[in-house]
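Undergrad: Residues 1 to 524, numbered by the UniProt record's numbering, are exactly what the sequence shown covers, in order.
All residues carry an ideal CB built from backbone N, CA and C; glycine is no exception.
Just so we're clear, the structure is a prediction, and the values are computed from it rather than from any experiment.
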Amino acid sequence: MLPAAGPAPVLIKIHPEDNVAIVANDGGLAAGAALPDGLTLVEAVPQGHKVALRDLAQGEPVRRYNVIVGYAARDLPRGSWVNERVNTMPAARTLQDLPVGTRKRAPLPPLEGHTFEGYRNADGTVGTRNILAISTTVQCVQGVVEHAVERIRRELLPRYPNVDGVVGIEHTYGCGVAIDAPGAAIPVRTLHNIARNPNFGGTAMVVSLGCEKLQPERLLAPGAIPIRAGEGMAADGGVDTIVLQDDEHVGFESMIANIMRTAERHLRILDQRRRETCPVSELVVGVQCGGSDAFSGVTANPAVGFAADLVVRAGGTVMFSENTEVRDGIDQLTARAATPEVAQALVREMAWYDEYLQRGSADRSANTSPGNKKGGLSNIVEKAMGSIIKSGTSDIDGVLSPGERLTRKGLIFAATPASDFICGTLQLAAGMNLHIFTTGRGTPYGLAQVPVIKVATRSDLARRWHDLMDVDAGRIATGQASIEDVGWELFRLMLDVASGRRQTCAEALKLHNALALFNPGPVT
1 MLPAAGPAPV LIKIHPEDNV AIVANDGGLA AGAALPDGLT LVEAVPQGHK
51 VALRDLAQGE PVRRYNVIVG YAARDLPRGS WVNERVNTMP AARTLQDLPV
101 GTRKRAPLPP LEGHTFEGYR NADGTVGTRN ILAISTTVQC VQGVVEHAVE
151 RIRRELLPRY PNVDGVVGIE HTYGCGVAID APGAAIPVRT LHNIARNPNF
201 GGTAMVVSLG CEKLQPERLL APGAIPIRAG EGMAADGGVD TIVLQDDEHV
251 GFESMIANIM RTAERHLRIL DQRRRETCPV SELVVGVQCG GSDAFSGVTA
301 NPAVGFAADL VVRAGGTVMF SENTEVRDGI DQLTARAATP EVAQALVREM
351 AWYDEYLQRG SADRSANTSP GNKKGGLSNI VEKAMGSIIK SGTSDIDGVL
401 SPGERLTRKG LIFAATPASD FICGTLQLAA GMNLHIFTTG RGTPYGLAQV
451 PVIKVATRSD LARRWHDLMD VDAGRIATGQ ASIEDVGWEL FRLMLDVASG
501 RRQTCAEALK LHNALALFNP GPVT
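If you want it as structure tokens, here you go:
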């Protein structure tokens, strides 16, 4: 008896001018696999990896997305596996003579009639969650705060059913650093702006050790938030500070009792808040990708880009980031800049980051991980082309430097490193109240401060990690759904999650990563 025939070989080609395509089949394709157009694989090719669609001579450009993503390192016959070992990376695009505003398009019609249920704040922002946040000035107090937070969850939260949770804003900064160095402005303003995140309801607590370099006054100075020690509270935007080295603290239990007393005053205020119907214009969505593969730019990221356009059409805000993952498409970004000033700001951030990498004797090629390559991404150029797509097609309305807070709506480039944890932390500081995270290889990434919607690039990943992924964008590759279908599904899910009607998988499982500050300054 002959063995049952497997699924027909499927290749995905992005652009008519591309000379490579990726294998869509689960498990990849074996050597000798024949495609309807007569192409026969000369070697086995894993899922997501590239196949040469014609003979490529040594040094000839390799094109995907109609962009040169490399050069053939040797002669590659038609049907060859094109991977990082046979594909040399192009030089970085110069930051000179870039197109500015050349890809502006007529605005899409406004999107009306969509709302979510959120928590309005006195400063005009809107939260998607109602969380008590306890900020810290230095890592030394982390153990004390963790202990207090656990007791607050266990002993106090049950009395305040309208509060979604309590989180400690813990980090590895605050002392042993050159706090007056130019780079120190980034972590300090990041911590300051995280404390002002819309999901924290305008109340704030700070736990300090007492002797650290990052004193409470310095942490809070960027926004001139009034400080009051010990009591008072927060309905007017003030901050309660607890200093562990103060004489009033006699023993560990005294510290914990003070934190819990202060926390309960804040919980009473937060518990009085109720959700209200809000327009989509109050959403601030951060988009990010991690554990990317060759399907990221085919399925999940285009669907996120479609949903991003919907949010912007509704008057909301979408932030995309990851400097090294857009650097090779900088000409695409400046071409979409709403104004010449936005284009100049994009170039400024790319130039700053180029110099930052040079100081560390690194370049943008350090970005691509072993998992990215295993998933079919040969280098950062190919990865960047798939990453940029999640920003959608809208004009870019503004640029934020690391740690800065949003001051306008629309599509915003928030300059951050590509590290999942640092990017998420900086988008949190910028004011996001909802996070979208795409992945091809898979990651249990989550944040305790905002809900994170996870989008799988492949149906195989969505099946295997069925209780960790919220959306299966792999259906786009198999033809079961279109980019528009998944984009609308994601948009509707965003409104449900923002309204508290649904929890994300990471939220329900209480999975979250530690915040990671970006500190380009010296450590002493």
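(1) How long is the line joining the alpha carbons of P90 and G59, rounded to whole angstroms?
(2) Which same chain residues end up closer than 7 Å to F320 when comparing Cβ atoms and leaving out the 5 residues on each side of it in sequence?
(3) What is the rounded straight-line gap between the Cα of R153 and the Cα of T137?
(4) Just to confirm, is the Cβ distance from C175 to Q142 under 9 Å?
(5) Note down, one range per segment and in chain order, each alpha helix (DSSP H) of at least 4 residues found wholly within the stretch 189–276.
(6) Could you give the DSSP three-state label for P7: helix, strand or coil?
(7) For a cutoff of 9 Å on Cβ pairs, would you count M319 as touching chain B?
(8) Please list, in chain order, all residues of the same chain as T443 whose beta carbon is under 6 Å from its beta carbon, the five residues on each side excluded.
(9) If you reduce the DSSP assignment to three classes, tell me which class V100 lands in.
(10) Which stretch, first to last residue, makes up the beta strand (DSSP E) that contains L132?
(11) If you run the structure through DSSP and keep just helix, strand and coil, what is E146?
(12) What is the DSSP secondary structure of A508, reduced to helix, strand or coil?
(13) Distance check for T324 and G360, CA to CA, integer angstroms please.
(14) Apart from the five residues just before and just after G79, which ones in its own chain have a Cβ nearer than 6 Å to its Cβ?
(15) Excluding five sequence neighbours on each side, which residues of the same chain lie with their C-beta closer than 8 Å to the C-beta of N513?
(16) Which residue comes first and which comes last in the alpha helix (DSSP H) that contains D309?
(17) Please state whether DSSP places K279 in a helix, a strand or coil.
(18) Rounded C-beta distance between T299 and G474? I'm assuming under 8 Å.
(19) Taking A30 as the reference, which of P16, A8, I14, I12 has the closest Cα?
(20) With DSSP collapsed to three states, give me the class of R120.
(21) Have a look at V486, I131, P522, I186 and flag the residue whose alpha-carbon is nearest the alpha-carbon of residue 567.
(22) Would you list, in sequence order, the uninterrupted beta strand (DSSP E) runs of no fewer than 3 residues that lie entirely inside the stretch 394–428?
TA: Let me lay it out:
(1) 11 Å
(2) V287, K390, S391, F413
(3) 22 Å
(4) no
(5) 216–220, 252–271
(6) coil
(7) The chain inventory of the structure shown lacks chain B, comprising one protein chain alone.
(8) G290, G291
(9) coil
(10) 131–136
(11) helix
(12) helix
(13) 14 Å
(14) L39, T40, L41, V42
(15) D420, F421, G424, Y445, G446, L447
(16) 300–313
(17) Correcting the residue type first, residue 279 is Pro in the shown sequence and not Lys. Strand at P279.
(18) 6 Å
(19) A8
(20) strand
(21) Outside the displayed span of the chain (1 to 524) sits residue 567, for which this structure offers no information.
(22) 396–400, 410–414
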